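Worksheet: one structure, shown below.
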Amino acid sequence: MGKALARKIIETNRITGAVEPGAEVTVKVNQTLTQDSTGTMVYLQLEAMNIHEIKTDLSVAYIDHNTLQAGFENADDHAFIKSAAAKYGIIYSKPGNGICHQLHLERFGKPGGILLGSDSHTPTGGGLGMLAIGAGGLDVAVAMANGTYTFRMPKIMNIELVGKLKPWAAAKDVALYILKLLTVKGGVGYIIEYTGEGLKSLSVTDRATITNMGAELGATTSIFPSDSVVLDFLKKQGREEDYVSFTADADAEYDKKIRIDLSKIKPMVAKPHSPDNVEAVQDIKGIKVDQVAIGSCTNSSYTDLMKTAAILKGKRVHPDVSLVIAPGSSNILKMMAENGAMADLIAAGARIIEAACGPCIGMGQAPTSGGISVRTFNRNFKGRCGTDSAGVYVVSPETAAVSAITGYLTSPDTSGFEQPDIELPESFAVHDNYFIFPQADRSNVELVMGPNIKPFPVNKPLTATVKGKLLLKVADNITTDDIMPSNAKLLPFRSNIPELSKYCFGTIVSDFKERADKNGGGFILGGENYGQGSSREHAALVPLYLGIKAILAKSFARIHKDNLINSGILPLVLADSNDYEKFDENDEIELLNVIEALKSEGTVRVKNISKDFEITCRLEGSESDIELLIAGGYLNYMEAIRKGRCS
Ligand code: MIC
Ligand code: SF4
């Protein structure tokens, strides 16, 4: 049997461990990326590791999330990250340059390499054949410090694409179609690998749209092969020398296989409030639209925006619609300014905003109360857009542009509009003036720390008995946006955990901090896929700060579980998921003899003192995860190793 592409890349970069599903494997990390909303923590953690130099081939610190400088806070964070980049030899991407994933695809991603990023949409790089994995900030700091990443080898799922997309169906519709098929849990525990004759008709940025939304499936990453389409893209970016051909063997072995006929896919939409709540656009009638937002790391490429401009050329944005466009990169903005397409967008009445994440993370452009926003983004969780009562519909750029004109959610294939045909240019604009490349002599660089930058919380070593109240019981698929909401008001406090803690679980209850303060911390009970969504480790650091000792859940999302372990919070899986029903908020709980239990077989007995019964939970982790948890998280563990107290 032949080998899958992801397996080949992992084997090439393997340092230790077996490349077998479930085994712990350590690989060499070639590149890392950070963005600013997770980046301040990453660089504080890197600083705590006391290193002089990073060990990756290339690391980039992007500023793209917190670009609204409504006060000094975001500007302070940018200055801190800039100084950390200069100190450690990291490339710094100034605000205004664009969205990390789009920029990394354009300027740095390399087929066959491994990229670790402190953002869940890092798998966008899979569009050019890179094994690109999203992780918590601490894991990215460790990757920069050691040049390695340790993870549990996922299974590999093959999605074979056959046929060709019909007119007006787009790569985004493929991503949404797969979400309908597999749901937001369907990719958990898998790397998704695309093959088949259908992929030759998909450009690198089309492929990147699909791998980007693998994050919404919960997959570890998604990847396309590096073929002539990738070579052409790299040539046009002026970096042909980065091309290496990497493909799966024709008879590659996979753990799961799915076949999708592209010609069957229609324009699709994910309705509020989950990316897997998908239907064909034509099946939903009469949705009047207040806002249309085009951009984000999913759909802000040159082709996406050129298609948008072509649809809007000579037309007018509907009087009741606010159309907002955030380009993916300054290079795209420059090309569209030069070729006149930007003028077409402006003439139609579009609001052009900075090349950044912007409205995708609620950084401005919150919709009206109860408003309907049609967006080309990837997530439509409740409240994420900045307006709790708004409903976000996730679609392709084509559907978004047509709907901006008609004022109703409109399937472009039935709109009577003419479909644009966008050719890629001979070469993409390449200017690097927003990048600051590190100097050779970095000996005198000082870190710049403004008053918004507070130390991050560090846990205490685990004690034999862990007791407390069940502070909160939540449903399935709780997102990190629920645990630690982010919007224009809160993002400035990403380096200020005490301030953020006031808003923990704010989409679910208004008094979580009070509950935690009153009881000296406690426990949380979750359903399936607890912590899906972003990589933000604030969703672990804030609960740590509030004294949360363990989360009991039916299952956990990968990155969040790693963040909990790194923070010294126990992620315990209910051995029998029916036990979920037996618990109520305010129950007094005790984890019995937890250190011994973790050390022996990872099965922990949990006593419900209030209701007088016992259940069992499992820690699904490696030996080193257990050592980390006993030490009270990664930083305590490293400190103990330095002092010779740990193995
Ligand atoms: C997101 O899309 O939710 C974010 C903002 O990019 C996050 C990172 C963060 O919370 O800072 C992600 O996806 O990891
Ligand atoms: Fe930025 Fe949105 Fe992409 Fe997250 S999903 S990286 S906020 S554009």
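269 is the number of the first residue of the sequence shown in our numbering; add one for each residue after it. Heads up, the beta-carbon is just placed ideally off N, CA and C, and yes, glycines get one too. Only a predicted model underlies this, so the values are computations on that prediction, with no experimental measurement involved.
With C-beta atoms as the reference, is residue i less than 8 Å away from residue j?
i: residue 292; j: residue 488; result: no
i: residue 793; j: residue 820; result: yes
i: residue 395; j: residue 515; result: no
i: residue 299; j: residue 324; result: yes
i: residue 760; j: residue 648; result: no
i: residue 477; j: residue 387; result: no
i: residue 401; j: residue 384; result: yes
i: residue 640; j: residue 659; result: yes
i: residue 672; j: residue 589; result: yes
i: residue 259; j: residue 694; result: Outside the displayed span of the chain (269 to 915) sits residue 259, for which this structure offers no information.
i: residue 549; j: residue 591; result: no
i: residue 558; j: residue 680; result: no
i: residue 799; j: residue 848; result: no
i: residue 403; j: residue 827; result: yes
i: residue 774; j: residue 812; result: no
i: residue 805; j: residue 269; result: no
i: residue 340; j: residue 715; result: no
i: residue 854; j: residue 735; result: no
i: residue 726; j: residue 904; result: yes
i: residue 371; j: residue 274; result: no
i: residue 357; j: residue 710; result: yes
i: residue 535; j: residue 480; result: no
i: residue 859; j: residue 870; result: no
Going by C-alpha to C-alpha distance, which of the options sits closest to residue i?
i: residue 491; options: 429, 639, 592; result: 429
i: residue 602; options: 675, 699, 618; result: 699
i: residue 743; options: 817, 852, 803; result: 852
i: residue 295; options: 841, 656, 307, 277; result: 277
i: residue 875; options: 861, 352, 828, 579; result: 861
i: residue 789; options: 772, 552, 413, 432; result: 772
i: residue 427; options: 530, 556, 334; result: 530
i: residue 686; options: 422, 524, 809, 436; result: 436
i: residue 286; options: 803, 432, 423, 350; result: 423
i: residue 632; options: 754, 716, 546; result: 754
i: residue 748; options: 497, 787, 780, 825; result: 825
i: residue 652; options: 691, 704, 626; result: 626
i: residue 376; options: 328, 595, 708; result: 328
Can you look up residue i in the DSSP assignment and give me helix, strand or coil?
i: residue 915; result: Confidence at residue 915 is low in this model, with a pLDDT of 45, below 50, so the placement of that residue should be treated as unreliable; the coordinate-derived value is given next. In this structure, residue 915 counts as coil in the three-state DSSP scheme.
i: residue 348; result: helix
i: residue 722; result: coil
i: residue 791; result: strand
i: residue 835; result: helix
i: residue 301; result: strand
i: residue 542; result: coil
i: residue 759; result: helix
i: residue 529; result: strand
i: residue 383; result: strand
i: residue 903; result: helix
i: residue 808; result: helix
i: residue 282; result: strand
i: residue 661; result: strand
i: residue 518; result: coil
i: residue 511; result: coil
i: residue 698; result: coil
i: residue 801; result: coil
i: residue 399; result: strand
i: residue 644; result: coil
i: residue 294; result: strand
i: residue 820; result: strand
i: residue 684; result: coil
i: residue 524; result: strand
i: residue 655; result: coil
Return the bridge partner residues of residue i from the DSSP annotation.
i: residue 876; result: 857, 881
i: residue 842; result: 885
i: residue 898; result: Bridge partners of residue 898: none, in fact.
i: residue 359; result: 328
i: residue 494; result: 514
i: residue 489; result: 459
i: residue 771; result: The partner list for residue 771 (beta bridge, DSSP) is empty, contrary to what the question assumes.
So does residue i have its beta carbon nearer than 7 Å to some heavy atom of the ligand SAH?
i: residue 746; result: In terms of ligand content, the structure shown lacks the ligand SAH and carries the ligand MIC and the ligand SF4 instead.
Uninterrupted alpha helix (DSSP H) stretches inside the region 415 to 461 (no shorter than 4 residues): 439 to 450
Ranges of the beta strand (DSSP E) found wholly within the region 532 to 620, counting only runs of at least 3: 536 to 538, 546 to 548, 559 to 562, 590 to 593
For the region 712 to 757, which segments carrying the alpha helix (DSSP H) assignment without a break, of at least 4 residues, lie completely within its bounds, in sequence order? 748 to 751
List, from N- to C-terminal side, the alpha helix (DSSP H) runs of 4 residues or more that fit wholly inside the region 302 to 344. 304 to 316
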